Structures are given as C-alpha cells and as structure tokens.
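S.K.: Position 148, counted from 1, in the sequence shown is what our numbering calls 128; the numbers after and before it change by one each time, with no gaps.
I'd like to ask some things about the structure below.
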Amino acid sequence: DDALAGIRAEMAREGIRPINVSPIGGKTLHFFARLIGAKRILEIGTLGGYSATWLARALPAAGRLISLELEQHHAEVSRRNWAQAGVSDSVEVRVGPAAETLRQMQAAGEAPFDLVFIDADKDGYPQYLELSLPLLRVGGLMLADNTLREDILDANSTSGIAKYNAAVAAHPELMSIMIPMLHGHGFDGLLVSMKQSSG
C-alpha cells in the first residue's frame, strides 16, 4: 500500500524512530476494529500516525479516532501523513501527557469508545489501563502492543509491561488473550482484552 509505505518513509525523513507496529500488526488492529464494528477508537501513542491509519481505515463513514501524543513534532508529522492517506476527516490528535488527557476526557464525560489501543511509553501502561478502562464500552476491546517481550517473561520483572499484564489478567472486568507476533527483531505480542462489565 503506497500510503502506508509513504508514512514509514516520512517518519524516517523526519527522524522518528521506527518503533511503530509492523504491517502485520497494523492489519491485526484493522481486523479487530472491523470485527467489532468499531465507530469510536482511542489510541494512546500516535508516533507517526501509522497504526492510526490502519485503524481509521476500519471505521465507518461517521467514525472517529482520537489519538493521544506527547510530542508536538510527532503530531504534526502524523497530521500530514493522515492527509496523504486520506483519513484526516476521521482522525484527531490531542497533544500532551496521555494520563492528563485521559483524566480530562473522563471529566468531560467523553462518549465511550469501542476500542482502545495502547502503544506508548511502557512504564505508563498500568496507568493508561486504569484511566482508559472507564472510557471503554462494555463489549469493547483494549489492545496493548509490545506485551510479550523477552524481559517481561521473567517472573520477577518489575517493568510497566509486566505490571500491565498482571493487572489485566487479574481484572474482574476483563477477559484477555495474548496474541504472539513475529517481528524483524524477534517475537512480541498483542494483548487483547474485552470489557465484560462496567464495574
């Protein structure tokens, strides 16, 4: 796909690290969004707009994706990339610390989302789970990338990912499954959780 390849090329030109999801990862996100008929998607961690493009393409005509990004430069590059990919009308980026933005969204009574995708600073994952779960509808999906790295397989690991995985596994509102994925740098995983009740 020329538009998606163009996003990766633009990220390289702009000096943005290539830590976005892989093409197969993007297709997996698209699949889950289509599977549940997602109309509202929340993404935590925009980077260059690559994963958001995959997700936005799964939305219906009136669908909406809100992406949270810390870096202004990343947001600007993403907006250009979305314009090139033809998804600008359905995507919005909000710049600032994600935890702060999530609290603002809760306080504002933001409409519930059908799908939440977390792919940001790994130490922040447990907090993003806590703050985004109230924004997810019952039956909605929470997807978290990079959740099957070798370092977190250590039972004594104190990483944010390990804490996130443990929190999700023990959470009474969530039913979860880990999807292993192969990347160029080895294996990783996407943790998929469905919200079963509103608490």
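Even for Gly, the Cβ is constructed at its ideal location relative to N, Cα and C.
For clarity, every value in this text was computed on a predicted model and none was experimentally measured.
Counting only the same chain and skipping the five closest in sequence on each side, list residues whose C-beta sits under 6 Å from that of S47.
M.R.: The residue you call residue 47 lines up with position 67 of the sequence shown. So the list reads E23, T26, A32 and V73, once near-sequence residues are dropped.
S.K.: Helix, strand or coil for L113? Go by DSSP, reduced to three states.
M.R.: The sequence position of residue 113 within the sequence shown is 133, counting from 1. L113 falls in the helix class under three-state DSSP.
S.K.: Am I right that Y105 and G140 are in contact with their C-beta atoms under 8 Å? What's the rounded C-beta distance?
M.R.: Looking up residue 105 in the sequence shown gives position 125. Looking up residue 140 in the sequence shown gives position 160. Right, the Cβ-Cβ distance comes to about 5 Å (below 8 Å), so this counts as a contact.
S.K.: If I follow the unbroken alpha helix (DSSP H) through I(-18), where does it start and stop?
M.R.: On the sequence shown, position 2 is the one that residue -18 refers to. According to the sequence displayed, residue -18 carries Asp and not Ile. Note, D(-18): alpha helix (DSSP H), D(-18) to R(-7).
S.K.: How is K7 classed by DSSP in three states: helix, strand or coil?
M.R.: For the purposes of this step, residue 7 is taken as the residue at position 27 of the sequence shown. K7: helix per DSSP, three-state reduction.
S.K.: If we require 4 or more residues per run, which alpha helix (DSSP H) segments fall completely within the stretch 42 to 98?
M.R.: Counting only runs of 4 or more, we get 52 to 65 and 78 to 87.
S.K.: What span of residues does the alpha helix (DSSP H) with V148 cover, start to end?
M.R.: On the sequence shown, position 168 is the one that residue 148 refers to. Counting along the chain, the alpha helix (DSSP H) containing V148 begins and ends at G140 to A150.
S.K.: If you draw a straight line from the alpha carbon of F97 to that of A149, how long is it in whole angstroms?
M.R.: Within the sequence shown, residue 97 is the residue found at index 117, counting from 1. Within the sequence shown, residue 149 is the residue found at index 169, counting from 1. Straight-line Cα distance between these residues: approximately 17 Å.
S.K.: Run through the DSSP bridge pairs and tell me what I24 is partnered with.
M.R.: Taking the sequence shown and counting its residues from 1, one reaches residue 24 at position 44. Partner(s): L48 and I98.
S.K.: To the nearest angstrom, how far is it from the Cα of L109 to the Cα of R(-7)?
M.R.: Counted from its first residue, the sequence shown places residue 109 at position 129. Counted from its first residue, the sequence shown places residue -7 at position 13. Taking the straight line from one Cα to the other gives about 32 Å.
S.K.: Give the straight-line distance between the Cα atoms of D99 and P40, rounded to the nearest whole angstrom.
M.R.: Numbered from 1 along the sequence shown, position 119 holds the residue referred to as residue 99. Numbered from 1 along the sequence shown, position 60 holds the residue referred to as residue 40. Using only the alpha carbons, I get a separation of about 23 Å.
S.K.: Across which residues does DSSP place I157 in a beta bridge pair?
M.R.: Position 177 of the sequence shown, counting from 1, holds the residue named residue 157. Answer is V172, bridged to I157.
S.K.: Could you check whether the stretch 154 to 162 touches the stretch 0 to 14, counting it as contact only if at least three pairs of C-beta atoms, one from each stretch, sit closer than 8 Å?
M.R.: yes
S.K.: Under a Cβ-count criterion, where at least 16 other Cβ atoms within 10 Å of its own Cβ denotes burial, should F11 be classed as buried or exposed?
M.R.: Within the sequence shown, numbered from 1, the residue matching residue 11 stands at position 31. Answer is exposed; the Cβ neighbour count stays below 16.
S.K.: How should E167 be labelled, buried or exposed, when 16 other C-beta atoms within 10 angstroms of its C-beta is the threshold for buried?
M.R.: Residue mapping note: residue 167 aligns to position 187 of the sequence shown, counting from 1. As written in the sequence, residue 167 is Phe, which differs from the Glu given in the question. It is exposed - the Cβ of F167 has fewer than 16 other Cβ atoms within 10 Å.
S.K.: Kindly indicate which three-state DSSP category L15 falls into: helix, strand or coil?
M.R.: Residue 15 sits at position 35 when you count from the first residue of the sequence shown. Helix, per DSSP.
S.K.: Alpha carbon to alpha carbon, what distance is there between H151 and R117?
M.R.: On the sequence shown, position 137 is the one that residue 117 refers to. On the sequence shown, position 171 is the one that residue 151 refers to. If I take the Cα positions, the gap works out to 16 Å.
S.K.: By alpha-carbon positions, which one of G(-14), L95 and L82 ends up nearest to E20?
M.R.: Position 40 of the sequence shown, counting from 1, holds the residue named residue 20. Residue 20 is actually Arg in this sequence, not Glu. When each option's Cα is compared against that of R20, the closest is L95.
S.K.: Can the beta-carbon of S70 be found closer than 7 Å to that of A18?
M.R.: Here residue 70 corresponds to residue number 90 of the sequence shown, with the count starting at 1. Here residue 18 corresponds to residue number 38 of the sequence shown, with the count starting at 1. Contact flag unset, no.
S.K.: Just to confirm, are L170 and L121 a CB contact at a threshold of 7 Å?
M.R.: Along the sequence shown, one-based indexing puts residue 170 at 190. Along the sequence shown, one-based indexing puts residue 121 at 141. No.
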